[in-house]
Ligand code: ADP
Ligand code: ZN
Ligand code: ZN
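In full-length UniProt numbering, the protein residues as written are 1 to 724.
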């Protein structure tokens, strides 16, 4: 009797064995249907015991084998096993993150791509005169003269009845293309002539074909990293290999996708949260069969199956959205390096502002450092000026000096970008009589005033309340806004610069479908205009007419308790600044602050991000913080305040017994002490060596799962956390 171990999509840490009754046969990576309690579940075969293994009669039998051939390749199984071990997360939940919903439900893989239509021989010899009586049929016929067209695309312009009419007349036929590896083709265009620096970088990357080699590409904003990616990919496509490009948020930068699709004459697909389940399954199959040459996707694209992966690119590798922030908290950048090792291919981590982790890895020799230190267009980096707010008269949150510079820039026909990382009208409402604040009842935070939608919204738990007319405490009507948000900045700037259009880019203004595209189009259409927005502006946009960037307020983030805050702020400032002067015209950046002497600002001002980052890394070494130490974080959430503290205290006592060399900090309260009505506590575990830390974590979890107290709270382990 064969016994198989099955990974099931359940949040449990144990593994599940089943008997495989003859004549059923499976391979590792195939899906099977098995009984689980009163339910039937679809799982993936993870291990097959040798034939003579002892099989207890108590083992239940597999009901049904779903796949003849594995849906998960051996390498993908290895990646998922590694991820489950490394992040100490139940394998079943890792599997949920990795498999498209329809595959988890046991649906078959599609064996044909979408349907398309083409003219039959009769259709080809037809002429306009044959369609005298139907303009619609004529239009369809004329469309198809150009060649075969996808059904979806056809139905956007023609009625299905028209299609059926021509089908009935046997003038057109419906075809289905089976999935098959793409046909290598010459590039649509050869691209730009590389600068000397770019050419050197590309040759290094191309030399590493077929080997595992991680690269850190540190290239200042506008240095032409995307061009480097394109030219590194080109020789791989000629060999029929595939490329995975991970990007932080695909919806924000449709330009990136367009640049890849316009360059290459092979299929380029995108993978992101906006796809339907069917589209996801199709994309999975395109990658798995090799019919897609390039997949550009957000972090979970990392788990796609590829037929022949030749290169992985992680663009904006410092971006926090590459880390999943709940449930299975993996970092797509780190797993991308692991995946490249398993696939024996190079991986490029690219950024103008590399994370200190990647910089550290390159200094340790684990990653090869490649640098681009000048802009591809020959333009200088924008000049950064600090505007000391202590000596300024202000209007609408802007120093007079800034207002004049904005006027001047617009008058010259250029665009101005104003960055304020606070959406909504104001971060709170307050009473001028008694000091009452619009606090959220369920979180330790105030609710943001959204004037246009006439709501108070908590940005932490999503709670919504109507805007009060009177103070909730003393009844006074003297309620005022506290903390300017983008909505307010927009409202105030409009009359001040009445002659110029203004575009706001934040999560509220772009929520409606198509509104982001519309805003990006307006900016691209040119002409002097103001662009007001949140960190959405920092994400790799290329707006050639922007020559002035104003950073309205970052002071709140200068003195944060999180040891990563300076790094994140330096990245944000550098990325936002990098939007200025990207084309022929020089750019400048004005940063308003009450703390012009702050060491991070001074360092960025005089020496740039790369110098700041190296100093920050030295500081981390002296103060013994990651990446010089490994860090793991236990988080708890509970309705009763003291339960989380108690639970973590038990963990501390156990950890001190098991591994006294591991440093513990906590239990301490989370920075946001209460969220959505739940109290939050943390325990930080630091260690010089990763291995003993991970051994301890494993032991702690096994014990903690048995504690009765564990049922009174929710706990999570975050390995290599990026927000504390
Ligand atoms: P990054 O991704 O590093 O911010 P991009 O790849 O967007 O930079 O390039 C910035 C600008 O420089 C783009 O307009 C691009 O077309 C241009 N560019 C890139 N490489 C070259 C080159 N070798 N010669 C001329 N222009 C280039
Ligand atoms: Zn009051
Ligand atoms: Zn709240």
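Beta carbons: idealized from backbone N, C-alpha and C, even for Gly.
Taking the beta strand (DSSP E) that residue 4 belongs to, which residues open and close that run? 2-7
Please determine, among 463, 548, 396, the residue with the shortest C-alpha to C-alpha distance to residue 495. 396
Using the rule of at least 16 other Cβ atoms within 10 Å of the residue's Cβ for burial, across every protein chain shown, is residue 783 buried or exposed? Given that the chain is displayed from residue 1 to residue 724, the structure contains no residue 783 and the question cannot be resolved.
Where does residue 20 land, buried or exposed, given buried means 16+ other C-beta within 10 angstroms? buried
Take residue 377 as the anchor and find which of 176, 351, 220 has the nearest alpha-carbon. 220
Spatial neighbours of residue 453 within its chain, please: C-beta separation below 6 Å, excluding the five flanking residues on both sides. none
DSSP three-state call for residue 447: helix, strand or coil? coil
Start-to-end residues for the beta strand (DSSP E) that takes in residue 360: Note, residue 360: premise wrong, no beta strand (DSSP E); alpha helix (DSSP H) at 356-363.
Taking the alpha carbon of residue 366 as the reference point, which residue from 293, 271, 216, 245 has its own alpha carbon closest? 216
Residues near ligand 3, CB to any non-hydrogen atom under 5 Å, in chain order? 440, 442, 443, 458, 460, 461, 463
Taking the alpha helix (DSSP H) that residue 271 belongs to, which residues open and close that run? Element bounds for residue 271: not the alpha helix (DSSP H) but the beta strand (DSSP E), 268-271.
Say the cut is 7 Å; is the CB of residue 227 nearer than that to a heavy atom of ligand 1? yes
Taking its Cβ as the centre, do 16 or more other Cβ atoms sit within 10 Å of residue 218, making it buried, or is it exposed? buried
Quick check on residue 749: does DSSP put it in helix, strand or coil? Limits of the chain in this structure are 1 at one end and 724 at the other, which puts residue 749 out of reach.
What is the chain-ordered set of residues for which the beta carbon lies under 5 Å from any non-hydrogen atom of ligand 2? 431, 433, 434, 436, 471, 473, 474, 476
By the DSSP assignment, the alpha helix (DSSP H) with residue 666 in it spans what residues? No alpha helix (DSSP H) holds residue 666; the beta strand (DSSP E) holding it covers 663-675.
Check for me: the beta strand (DSSP E) holding residue 493 runs from which residue to which? Segment 486-496 is the alpha helix (DSSP H) holding residue 493; no beta strand (DSSP E) there.
Can you tell which of 370, 601, 356, 549 has its C-alpha closest to the C-alpha of residue 203? 370
Under the rule that 16 or more other beta-carbon atoms within 10 Å means buried, what is residue 355, buried or exposed? buried
Quick check: the Cα distance between residue 411 and residue 382, rounded to an integer number of angstroms? 19 Å
Proximal residues to residue 78 (C-beta, below 8 Å), its chain only, five neighbours per side dropped: 342
Looking at ligand 1, does it come within less than 7 Å of residue 351, judged from the CB to the closest heavy atom? no
In its own chain, which residues sit with a C-beta less than 6 Å from the C-beta of residue 329, not counting the 5 before and 5 after it? 718
Rounded to whole angstroms, how far is the Cβ of residue 804 from the Cβ of residue 418, which I believe are closer than 8 Å? Residue 804 lies beyond the stretch modelled for the chain, which goes from 1 to 724, so this question has no answer here.
Look up residue 715 in the DSSP assignment and say whether it is helix, strand or coil. strand
Grab me the residues of residue 235's own chain with a C-beta within less than 7 Å of its C-beta, minus the 5 sequence neighbours each way, in chain order. 206
Provide the residue span of the beta strand (DSSP E) that contains residue 60, from first to last. It is not in any beta strand (DSSP E) - residue 60 carries neither H nor E in the DSSP assignment.
Quick one: what's got a C-beta closer than 8 Å to residue 624's C-beta in the same chain, skipping five residues either side? 686
What residue does the beta strand (DSSP E) around residue 593 start on, and which one ends it? 588-593
Could you tell me if residue 137 is buried or exposed, where buried requires 16 or more neighbouring beta carbons within 10 angstroms of its beta carbon? buried
Within the chosen definition, does the stretch 517-529 reach the stretch 558-574 through at least 3 CB pairs nearer than 8 Å? no
First and last residue of the uninterrupted beta strand (DSSP E) at residue 691: Where residue 691 is concerned, there is no enclosing beta strand (DSSP E), although the alpha helix (DSSP H) it sits in stretches over 690-704.
Please confirm whether any heavy atom of ligand 1 lies closer than 7 Å to the CB of residue 582. yes
Got a sec: does ligand 1 put a non-hydrogen atom nearer than 7 Å to the Cβ of residue 231? no
Quick one: measure Cβ to Cβ for residue 724 and residue 688, integer angstroms, because I've assumed they're closer than 8 Å. At roughly 19 Å, the Cβ-Cβ gap does not stay under 8 Å, so residue 724 and residue 688 are not in contact.
Contact the stretch 539-555 vs the stretch 582-596: 3+ CB pairs below 8 Å: yes
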